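Heads up: the structure comes next, in structure tokens.
Chains as they are written, first to last, in this note's numbering: chain A, 1 to 284; chain B, 1 to 284.
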């Protein structure tokens, strides 16, 4: 069964979720500004969660389900104990990361945010990414452009890799499975880019490309909630979001190449293919 | 000729430099807001400099020499123009980077700063680093601790790499001459750290170790002005700054390992040594 969503309904989804996300700002800052923010380790020593992740997710989930009882939720903390991977249906589905960049959050590095995306008929239609620590609220809904604190944002005009500021999640090198891939791809991208950065927050990195601050990003092995909100914002800002292979982006398996332009996406994909051909050495 | 500097003279150096740096804030902010304008290429296509770089350095240089005629200047822009290798004598010497993180500055990424260090008898004694876009003013003078916006800062207590969030300048992989070294060292460090970041400003990264937001940083092939001020801020915050080999830090050849604790510094140095043992493949 396919859902037909009118423009008016889409705007209601946007206004309600925007208000809820804003409402979580003070709670987010309370944890961020605390001299010492306690955390638990989840799946691995580098995978952290705080009480604020749980409280923010509960606030968002409760608020959204109350207003839109027909919708579904895919949230990071709700999924933390799930036995099966989340499934995306045609129903309006909120894809929520209550704190993206929790490792930054506990250390008070101001690259952390609340991220909310909405998919309907398996298409991403709405994204809100809010970083209270930098007073930045990015938002977008399908067909209506992307905004930072209410002002329109647009990607840069970078088309060549040697003009591009590239982002890469170098923290992922800590995971032994995927280590070789990540070191080699970083090597190829950083060798060609004018500069390379790693901020430790996927959702915000997509927003930085949307705002024209950065130009390209490649990441794999993350979760839908890491990418969903930012992907809509980037597209509405004129950017490109593809699967790493160059195929269509799939939010449920969000291995991706994100760029300011089509040409740049092609260059990044080619460099990744080049990296994957390196067989003379393996980083274990 | 060596001359002891009195406590009150040291305080005067600090106070005057602080006022001058603050005075440059509005100018830097003006340039930051203009973004992607009035730049030209120097040295390599990706090493950008702006008119603001020159203006800020002029204000600092003129102000410091007027207040302290006996002092000398080692500045980024002055060195670029004169093409002369800077030399450090026993004279009070200001080591200035008018904008550290020029690529970030141009892209409106809020990790860019004015950096001013003072060395006397070849020892660093004053450091001031000001990031107007993020409203962060880091300062220190020898024996008096380190401060962020007037509040004391201190490094974390992290002693092992497994607990550490480290920072690494992955942009350096772009330079063919140091590529292989940087790929291998990053691989070793990121494989063991709880997280790895790259912000694109050496001066600020030293400050983030000083505040405990990050725990360790390794970088080579930079200039004295990239590291001078941050090094004294970090040591006054309780951190360790040594040469990559583990020997005494030399600001004029500032290849360094910077860490929250001496134990962590040793950990990082061991990993760098391990990286140096990888000889069966070269990343060209």
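Just so you know, even glycine gets a beta-carbon here, dropped at the ideal spot from N, CA and C.
Note that the coordinates shown come from a computational prediction; the quantities given were computed from them, not determined experimentally.
Worksheet item: For the alpha helix (DSSP H) that residue 107 of chain B lies in, which residues bound it at each end?
Response: 102-107
Worksheet item: Does the Cβ-Cβ distance between residue 95 of chain A and residue 74 of chain A come in under 7 Å?
Response: yes
Item to complete: Determine the DSSP secondary structure at residue 258 of chain B, reduced to helix, strand or coil.
Response: strand
Item to complete: Please say whether residue 48 of chain A and residue 103 of chain A have beta carbons closer to each other than 7 Å?
Response: yes
Practice prompt. Just the C-alpha distance for residue 115 of chain A and residue 19 of chain A, rounded to the nearest angstrom, thanks.
Written response: 13 Å
Worksheet item: Contact between the stretch 203-219 of chain A and the stretch 181-193 of chain B: three or more CB pairs below 8 Å?
Response: no
Item to complete: Could you tell me which uninterrupted beta strand (DSSP E) segments, each at least 3 residues in length, are contained entirely in the stretch 176-259 of chain B, listed from first to last along the chain?
Response: 195-197, 216-219, 240-243, 256-259
Worksheet entry | Candidates B:195, B:273, B:218: closest to residue 203 of chain B by CA position | B:218
Discussion item. Counting only C-beta atoms, is residue 47 of chain B closer than 7 Å to chain A at any point?
Written reply: For residue 47 of chain B, the predicted model reports a pLDDT of 46, less than 50, meaning its position is unreliable; a value from the coordinates is still stated below. Chain A, which has no Cβ nearer than 7 Å to the Cβ of residue 47 of chain B, makes this no.
Practice prompt. Mark residue 277 of chain A as exposed unless 16 or more other C-beta atoms lie within 10 angstroms of its C-beta, in which case mark it buried.
Written response: exposed
Worksheet item: According to the neighbour-count rule (16 or more other Cβ atoms, all chains shown, within 10 Å of its Cβ), is residue 36 of chain A buried or exposed?
Response: exposed
Worksheet item: Skipping 5 residues on each side, what residues in its chain have a beta carbon closer than 6 Å to that of residue 147 of chain A?
Response: 139
Discussion item. For residue 111 of chain A and residue 31 of chain A, which I take to be in contact (beta-carbon distance under 8 Å), what is that distance rounded to the nearest angstrom?
Written reply: Actually they are not in contact, since the Cβ atoms of residue 111 of chain A and residue 31 of chain A sit about 15 Å apart, beyond 8 Å.
Fill in: Reduced DSSP secondary structure (H/G/I, E/B, other) of residue 119 of chain B
strand
Worksheet entry | Residue from A:283, A:128, A:77 with nearest C-alpha to residue 41 of chain A | A:77
Item to complete: Can you tell me which of the three DSSP states residue 138 of chain B falls into?
Response: strand
Discussion item. According to DSSP, simplified to helix, strand and coil, what is residue 145 of chain B?
Written reply: coil
Discussion item. With distance defined between alpha-carbon atoms, name the residue in A:175, A:250, A:164 nearest to residue 260 of chain A.
Written reply: A:164
Discussion item. For chain A, check one thing: does any of its Cβ atoms lie closer than 7 Å to the Cβ of residue 6 of chain B?
Written reply: no
Worksheet item: Nearest to residue 281 of chain A by CA position, among A:54, A:179, A:195, is which residue?
Response: A:179
Discussion item. Which complete beta strand (DSSP E) runs does the stretch 106-144 of chain A hold, if anything under 3 residues is left out?
Written reply: 113-120, 123-131, 136-141
Worksheet item: For a contact meaning CB atoms closer than 7 Å, what does residue 195 of chain B contact in chain A?
Response: 46, 103, 171, 200
Discussion item. Given this structure, state the Cα-to-Cα distance separating residue 75 of chain B from residue 96 of chain B, to the nearest angstrom.
Written reply: 5 Å
Worksheet item: Going along chain A, which residues have a C-beta under 7 Å from residue 165 of chain B?
Response: 103, 107
Fill in: As assigned by DSSP and simplified to three states, the class of residue 38 of chain A
coil
Practice prompt. Could you check if residue 142 of chain B is buried or exposed, using at least 16 other CB atoms within 10 Å of its CB as the buried criterion?
Written response: buried
Worksheet item: Can you round the beta-carbon distance between residue 237 of chain A and residue 154 of chain A to whole angstroms, since I take them to be within the 8 Å contact cut?
Response: 5 Å
Worksheet item: Which chain A residues are close to residue 185 of chain B, counting only those with a beta carbon under 8 Å from its beta carbon?
Response: Near residue 185 of chain B there are no residues of chain A at all, since even the closest Cβ is about 11 Å away, more than 8 Å.
Worksheet item: What are the residues of the stretch 178-207 of chain A that lie near chain B, defined by any Cβ-Cβ distance shorter than 7 Å?
Response: 179, 183, 186, 187, 190, 191, 193, 194, 195, 196, 197, 198, 199, 200
Worksheet item: Which residues of chain B have a Cβ atom closer than 9 Å to the Cβ of residue 268 of chain A, listed in chain order?
Response: Simply none; closest approach about 15 Å.
Discussion item. Bridge partners for residue 74 of chain B per DSSP, in chain order?
Written reply: B:95
Fill in: Coarse secondary structure for residue 32 of chain B, derived from DSSP in three states
helix
Worksheet entry | Rounded separation between residue 268 of chain B and residue 214 of chain B - CA only | 14 Å
Item to complete: Could you have a look at residue 33 of chain A and say whether DSSP puts it in helix, strand or coil?
Response: helix
Practice prompt. Could you spell out where the alpha helix (DSSP H) holding residue 158 of chain A opens and where it closes?
Written response: Run containing residue 158 of chain A: none; DSSP gives neither H nor E here.
Fill in: Three-way DSSP call (helix, strand, coil) for residue 245 of chain A in this model
coil
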